[in-house]
Amino acid sequence: MIQPSLWPPHWGFVLASYGLVITVLTVMVGSSLFRLRRATKRLALLQRLQKMAADQPDRQEND
Amino acid sequence: MRPSPSSSGRWAQSPARFLHVTRPVTVPCLLLGLTVLATGLVWGLCFAPADWQQGETVRIMYLHVPMAWLASAGYVLLALCGVLSFVWRHPLAGVIALEAGPPGAAAAALCLITGSLWGKPGWGTWWVWDARLTSMLVLFFLYVGHILTIRAFDDPMRGQRAAALLALAGVVDLPIIKFSVQWWNTLHQPDSITLTGAPAMSMSMFHPLLVCTLGFTLTGLALLLIRTRAALLERRAQSLALREPPA
Numbered sequence: 000m001i002q003p004s005l006w007p008p009h010w011g012f013v014l015a016s017y018g019l020v021i022t023v024l025t026v027m028v029g030s031s032l033f034r035l036r037r038a039t040k041r042l043a044l045l046q047r048l049q050k051m052a053a054d055q056p057d058r059q060e061n062d
Numbered sequence: 000m001r002p003s004p005s006s007s008g009r010w011a012q013s014p015a016r017f018l019h020v021t022r023p024v025t026v027p028c029l030l031l032g033l034t035v036l037a038t039g040l041v042w043g044l045c046f047a048p049a050d051w052q053q054g055e056t057v058r059i060m061y062l063h064v065p066m067a068w069l070a071s072a073g074y075v076l077l078a079l080c081g082v083l084s085f086v087w088r089h090p091l092a093g094v095i096a097l098e099a100g101p102p103g104a105a106a107a108a109l110c111l112i113t114g115s116l117w118g119k120p121g122w123g124t125w126w127v128w129d130a131r132l133t134s135m136l137v138l139f140f141l142y143v144g145h146i147l148t149i150r151a152f153d154d155p156m157r158g159q160r161a162a163a164l165l166a167l168a169g170v171v172d173l174p175i176i177k178f179s180v181q182w183w184n185t186l187h188q189p190d191s192i193t194l195t196g197a198p199a200m201s202m203s204m205f206h207p208l209l210v211c212t213l214g215f216t217l218t219g220l221a222l223l224l225i226r227t228r229a230a231l232l233e234r235r236a237q238s239l240a241l242r243e244p245p246a
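Line by line, the protein sequences are chains A and B.
Under numbering that gives the first Met the number 0, the first residue of the first sequence carries the number 0, and numbering increases by one thereafter.
Under numbering that gives the first Met the number 0, the first residue of the second sequence carries the number 0, and numbering increases by one thereafter.
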């Protein structure tokens, strides 16, 4: 491995830029995907509960 | 009397239709964007040549230029959404404007930071009150203002209308950013890429720049689709949760 003191000049500025942009992009895409997944699951759960609540009186009538 | 939107735009008015249409597109768009972006970034970082004058720091261009493009294009989108929600009260335009603000602000901030990291070794300073840099900073503040305004009201419609006005007023900053290097004597270099002329850079640098720009654009589009879909699903879930259970 090349010693950091022997790295090409200003390489640190380049790596800092790439690191920062990739980190921000990863955080934004990751958090948005997590938010979408959570919203999808919550909606599916609520729809299931709504359907169960709608079906309940019918079952009572049948009993 | 309010003008009616064109028939071609009617499909996009329904959030349910938007969710249906964008569902199969979102993940492929994200995967394609990330693949193109990874290709462009590796190409720019490892295989593109260093500049004879700037040396290795020219590689920051593969991030800085796409970020500037995304920040400007994102603000054009905010302004378009502003027109749609202000004139036609388009139900989706307000949601898209709400979700496009934070990624746009991030792009503007990253453009400024990468520009600063590029400027220090090149110009010998982190920042100058140059016309191009200052107008880009104004764009960042416009984004921050839009994000705060659209969330500042209890009534979301009022927030959307106020933010739409701000977005429309802020559009004047975009030509200032574009032409600042021609109108004023600036430290920032003139545009290297124009629509009419050949690029003022080697093709071995221009091609990875194009790939990076395409990758960032596709990833940004996918991010906007993901955020808008999430917001619409959250609203639908909220309205379902507030609905009275059947008697």
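Each residue gets a CB set at the ideal place from its N, CA and C atoms; glycine is no exception.
In this structure Leu224 of chain B is in contact with Val24 of chain B, their Cβ atoms being roughly 7 Å apart against a cut-off of 8 Å. Spanning the alpha carbons of Ile59 of chain B and Gln49 of chain A requires a straight line of approximately 53 Å. Below the 7 Å Cβ cutoff, chain A contributes Leu35 as neighbours of Arg228 of chain B, in chain order. Excluding residues up to 5 positions away in sequence, Trp125, Trp126 lie with their Cβ nearer than 7 Å to the Cβ of Ser115 of chain B in the same chain.
Gly121 of chain B sits in a helix when the DSSP states are folded into three classes. Residue pairing by DSSP places Asp50 of chain B opposite B:Gly54 in a beta bridge. If you check the CB distance, Leu138 of chain B and Tyr74 of chain B come in under 8 Å. In terms of Cβ geometry, Glu55 of chain B and Val20 of chain A do not form a close pair [threshold 8 Å].
The contact set of Arg235 of chain B on chain A, defined by CB atoms closer than 7 Å, consists of Leu42 in chain order. When 7 Å is used as the limit between beta carbons, Thr39 of chain A is near these residues of chain B: Leu232, in chain order. Annotation: Cβ neighbours of Leu222 of chain B in chain A (cutoff 9 Å, chain order): Leu24, Met27, Val28, Ser31. Straight-line measurement puts the Cα of Ala108 of chain B at about 27 Å from the Cα of Pro48 of chain B. Only residues of its own chain outside the window of five on either side were considered, and among them Val94, Ile95, Glu98 have a CB closer than 7 Å to the CB of Thr227 of chain B, listed in chain order.
Going by beta carbons, His89 of chain B and Arg131 of chain B fall outside the 8 Å limit. Between Ala199 of chain B and Ser191 of chain B, the C-beta gap is smaller than 8 Å, which places the two residues in contact. Scanning chain A for C-beta atoms nearer than 8 Å to the C-beta of Ala240 of chain B yields Leu45, reported in chain order.
Taking a C-beta distance under 8 Å as the contact criterion, Gly39 of chain B and Val210 of chain B qualify as a contact pair.
Judged by DSSP in its simplified three-state form, His9 of chain A adopts coil rather than helix or strand. Membership of Phe152 of chain B in any alpha helix (DSSP H) is not indicated, and neither H nor E is assigned to it by DSSP. Taking a contact as a CB-CB distance under 8 Å, the pair Ala162 of chain B and Ile175 of chain B does not count as one, their CB atoms being some 21 Å apart.
When the beta-carbon positions are compared, Phe215 of chain B and Pro65 of chain B come within less than 8 Å of each other. By the rule that beta-carbons nearer than 8 Å mark a contact, Gly169 of chain B does not touch chain A. Of the candidates A:Val26, A:Asp54, A:Ser31, A:Ser31 places its Cα closest to the Cα of Val26 of chain B. Membership of Asp172 of chain B in the alpha helix (DSSP H) is indicated by the continuous run 172 to 182.
With a contact defined as Cβ atoms closer than 8 Å, His63 of chain B and Gly100 of chain B miss out at about 21 Å. Judged by DSSP in its simplified three-state form, Leu194 of chain B adopts coil rather than helix or strand.
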